[in-house]
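Protein chains: 2
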Amino acid sequence: MNMDDLVLVSIDDHVVEPADMFERHLPEAYRDQAPKVVLVDGVEQWTFQGVKAGSAGLNAVVSWPKEDWGFEPAAYAEMRPGAHDVDERVRDMNRNGVLASMCFASFAGFASSFFYEAPDKDLSTFMLSAYNDWHIDDFAASHPGRFIPMALLPVWDSEGMVAEAKRVASKGCRSISMPELPHTMGLPSFHNLDYWGPLFEACVDENIVLNMHIGQGFNAIKQPPEAGVDDLMILATQVSVFCAQELLWGGPFKQYPGLKVALSEGGIGWIPFYLDRCDRHYKNQTWIGHDFGGKLPSEVFREHALACFITDPTALKVRHDIGMDIIAWECDYPHSDCIWPDAPETLYKEMVDAGCTDGEMDQITWSNVARFFDYDPFQHIPKEQATVGALRAQATDVDTSIRSRTEWKKLAEAQAQATN
Amino acid sequence: MNMDDLVLVSIDDHVVEPADMFERHLPEAYRDQAPKVVLVDGVEQWTFQGVKAGSAGLNAVVSWPKEDWGFEPAAYAEMRPGAHDVDERVRDMNRNGVLASMCFASFAGFASSFFYEAPDKDLSTFMLSAYNDWHIDDFAASHPGRFIPMALLPVWDSEGMVAEAKRVASKGCRSISMPELPHTMGLPSFHNLDYWGPLFEACVDENIVLNMHIGQGFNAIKQPPEAGVDDLMILATQVSVFCAQELLWGGPFKQYPGLKVALSEGGIGWIPFYLDRCDRHYKNQTWIGHDFGGKLPSEVFREHALACFITDPTALKVRHDIGMDIIAWECDYPHSDCIWPDAPETLYKEMVDAGCTDGEMDQITWSNVARFFDYDPFQHIPKEQATVGALRAQATDVDTSIRSRTEWKKLAEAQAQATN
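Protein sequences, first through last, are from chains X and H. Using the working numbering, you'd call the opening residue of the first sequence number 782 and step up by one each time. Using the working numbering, you'd call the opening residue of the second sequence number 782 and step up by one each time.
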């Protein structure tokens, strides 16, 4: 297989929600109460019931020079438009040879934290549904076959989660963004199946995948006061292991055989070490009396989990010890770890260096995702038009120049003037 | 190389300190104030200034049936004698083909926690020195060439640590048991080089290795209330990554080029994933401005660290991505993870399955340790008498039967009666 023949489906990207997202999804009477964008020092900030959230610059750095990277909030106009404009996003996906993308929320949080923090939870639930309607009906539906839609849930309400999960499933959305470690945000942990069990059951019934993105659970690590910003970036994937541990050794994977969990941006290199250790623990510490239904913990993990990587060169060498069925790929556009516009080059080289066969490349780049998410990548776009080569051929006019925040802003202002 | 030709040096075992350990190492006037063993429900417990510590059963389970394993305290008489009796220990090492062993403390803690908790720190420092004298002059010296001595330090006293480190070094002890994450026990973190710097400098000057054992820093993980005992056992190695992060990205490895750190019982499988991630972070997040002196973080890590494993089958397949110079082996006798009396069988199979060459087997089993700890394994015992085969030939009378706690106790009582 040549690089141009790859079909790339990324199960972890991010959308910066446009300011007008709620307009078409709320009855007139509710529009005033919806989350709103206000300008704070020229930078957009979402506000709702006193809760505020902006967009950190580091989360939309794609095509910025490195000296502009950082944690300060960024204005929409300073970002590459593909961060928030879906048509521009698809052009950028074409340029990067990416057929389809699953996008996590930005201001709303990976685990609906923006809505969770707001005091009037009935209103939060209502707005969260409108948020999902925007993501599914506007954003993802705008370019058929290019997005795997993903919903948020009212994580503060055990029954409300079930209702919203079923509602979005009926609209064709079978992927949900979840906390990786709910106890770190003051919710019951995944050990508590009175709380989470009804949702897990609904997910099994409706064939929904739960996606646990790194970052949400980071404060499960008690850091020293002097810890640098590197820790958050380097160690966040360690928290995926805590999440896996809770799901595998707590109740969820044992009690809900059909439950499917994708570990997002956690990488894959920790998996063989973790599974070797789990199996050894299970065989050695038999006095604890764990029962995985006659299977090894590693087997049960592989029945439930899918993991994805951006770049993980050593891990690919032991892909068979990870499990070829549970490896997927992600791009992380437009975050600082993303590999736009050279994802095909990076990924192909890594797979070739590790000695992947053509079949294994297909598994990693799209077919594991297709199976796990019950998603047909070629429903709307025939395979020959879905490859890196075919998509890039449509994107020869996409400008990949590096531009500073200031230059992006000037460009946006000039374009706005030209339009008016 | 055949299994019988291996030379095994374990850099992580544990000694249960004998009740009379302080007797020969204190002036008469101090003996009353020394840590003492008292019996609590027939089980030995160390007491000192109101601080109490026993021996958890799980830490001396070797040759117990699995149904006897658990966290309850165990009496010395219930343990296999090799746990606390040095002559029996050496016989057990022979049976397991282990030439030499480095033993961590039991009641005193991996980071001198027993002495740290005691209110009168001058007295603690005094007793800690006596403890080290026992370990170096009695325990380790009792069988020349069979133990790499290891000392404790008064971790609560920046200057006192330097003095004690130099004192034990002058006695030939160049290995020290340290906290892996000092901030979790209320001490300054390793970022604080005002506090730790003088010790690091002394270690470089005296060619001392600092050993960070898993477990000490476990409460760096904020667990949910329902977390099971499995978490402590499976996730403890994740904390080694936090320790590595603090040493590599904080100041210690950058500012003390000769500093040597062994990560004890952390396994090796996390290393390639962690180092891939560190190098990627360093090359990608250049805006942070890290400077590793023109080297990659992975290179700097490998200049300073040694890691060891008990069993880590997948990791051995990517040993070259870990670094063949930084891999060592450990037995963990008499803890529940130890592989007595079949360590040679387990280790040899794992190395053969991973395709290790003879030279690589030597590196893993002894020569990396010899270099890192500046220790000549054949100083007292010629190589041909140091192999698995030669040592086992001396141990044909070692009884490896599984015996319950009760049976061990009866046996100890019968032997005591016969001696009297």
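For every residue, glycine included, the Cβ atom is placed at its ideal position computed from N, Cα and C. Here the structure is a predicted model, which is why all the values come from computation and not from measurement.
query: Closer than 7 Å, Cβ to any Cβ of chain H: which residues of the segment 798-832 of chain X, in chain order?
result: none
- prompt: CA-CA distance, M874 of chain X and L880 of chain X?
  reply: 7 Å
message: Using 8 Å for Cβ pairs, my map puts M1014 of chain H next to H1062 of chain X. What's the rounded Cβ distance?
response: 6 Å
- request: May I ask you to report which of helix, strand or coil DSSP gives E804 of chain X?
  value: helix
- request: Throw me the rounded Cβ distance for the Q1144 of chain X and I1108 of chain X pair, which I believe falls under 8 Å.
  value: 7 Å
- request: Measure from the C-beta of F1054 of chain H to each C-beta in chain X and report whether the shortest distance is under 9 Å.
  value: yes
- prompt: So, does the CB of E848 of chain H fall closer than 9 Å to a CB anywhere in chain X?
  reply: yes
query: When you check each C-beta in the segment 963-981 of chain X against every C-beta of chain H, which residues fall closer than 9 Å?
result: P963, H964, T965, P969, S970, F971, H972, N973
message: When you measure from the CB of G1009 of chain X to every non-hydrogen atom of the ligand ADP, does any distance come out below 8 Å?
response: Absent from the structure shown: the ligand ADP. Ligands present: none.
- request: Step through the CB atoms of chain H and report whether any lies within less than 9 Å of the CB of D1123 of chain X.
  value: no
field: Where the segment 1009-1037 of chain X meets chain H: residues whose CB sits under 8 Å from a CB there
entry: G1009, V1010, D1011, D1012, M1014, I1015, L1016, T1018, Q1019, V1022, F1023, Q1026, E1027, W1030, G1031
message: Looking at chain H, is there any beta carbon in it that lies within less than 9 Å of the beta carbon of W915 of chain X?
response: no
- request: Kindly list, in the order they appear in chain X, the residues whose Cβ is closer than 9 Å to that of G863 of chain H.
  value: Correct list: empty, because the minimum Cβ distance to chain X is about 19 Å.
Secondary structure of P963 of chain X, DSSP reduced to three states: helix
Proximity test, Cβ basis, 9 Å: V1193 of chain H and chain X: Note on identity: in this sequence residue 1193 of chain H is Ala, with Val being the wrong assignment. No, no contact with chain X.
message: If we define contact as Cβ-Cβ less than 9 Å, is A1001 of chain X a contact residue for chain H?
response: yes
task: Closer than 7 Å by C-beta to A1159 of chain X: which residues in its own chain qualify, once you throw out the five before and the five after it? Chain order, please.
output: Per the sequence presented here, residue 1159 of chain X reads as Phe, with Ala not at that position. Here the set comprises A1167.
query: Is M1142 of chain H closer than 9 Å to M782 of chain H when the C-beta atoms are compared?
result: yes
- prompt: Does DSSP put L820 of chain H in a helix, a strand or coil?
  reply: strand
query: Helix, strand or coil: which one does DSSP assign to H1161 of chain H?
result: coil
message: Strictly under 9 Å for the Cβ-Cβ distance: is N1004 of chain H near chain X by that measure?
response: At residue 1004 of chain H the sequence reads Gln, which differs from the Asn that was named. For Q1004 of chain H, the answer is yes, since a Cβ of chain X falls inside 9 Å of its Cβ.
task: Counting only the same chain and skipping the five closest in sequence on each side, list residues whose C-beta sits under 8 Å from that of P979 of chain H.
output: S939, E940, M942, V943
query: Are at least three pairs of beta-carbons, each pair with one atom in the segment 893-912 of chain X and one in the segment 803-818 of chain X, less than 8 Å apart?
result: yes
field: Straight-line gap, I989 of chain X to T1200 of chain X (C-alpha atoms, nearest Å)
entry: 42 Å
message: Considering Cα atoms alone, identify which of H:P1005, H:Y1037, H:P900, H:V1099 is closest to W1051 of chain X.
response: H:V1099
- request: Anything in the segment 1095-1110 of chain H with a Cβ closer than 7 Å to a Cβ of chain X? List those residues in chain order, please.
  value: T1095, A1096, K1098, V1099, D1102
- prompt: Helix, strand or coil for F971 of chain X per DSSP?
  reply: coil
message: Using the Cβ count rule (16 or more neighbours within 10 Å means buried), how would you classify Q1004 of chain H?
response: buried
message: Quick check on the burial criterion: 16 or more other C-beta atoms within 10 angstroms. Buried or exposed for A1195 of chain H?
response: exposed
- request: Check whether the Cβ of Q1066 of chain H lies closer than 9 Å to any Cβ atom in chain X.
  value: yes
field: CA-to-CA distance, C984 of chain H to C954 of chain H, given in whole angstroms
entry: 11 Å
task: Kindly list the residues whose CB is nearer than 6 Å to the CB of A1193 of chain X, restricted to its own chain and excluding five residues on each side of it in sequence; keep chain order.
output: A858
query: Do you know whose CA, among X:Y976, X:E804, X:W1030, X:P846, lies nearest D919 of chain X's CA?
result: X:E804
task: Counting only runs of 4+ residues fully inside the segment 860-893 of chain H, write out the alpha helix (DSSP H) ranges in chain order.
output: 867-876
Interface positions of the segment 1073-1094 of chain X facing chain H (Cβ-Cβ less than 7 Å), listed along the chain: T1092, D1093, P1094
field: Cβ neighbours of K947 of chain H in the same chain (closer than 8 Å, five flanking residues each side left out)
entry: A983, E987
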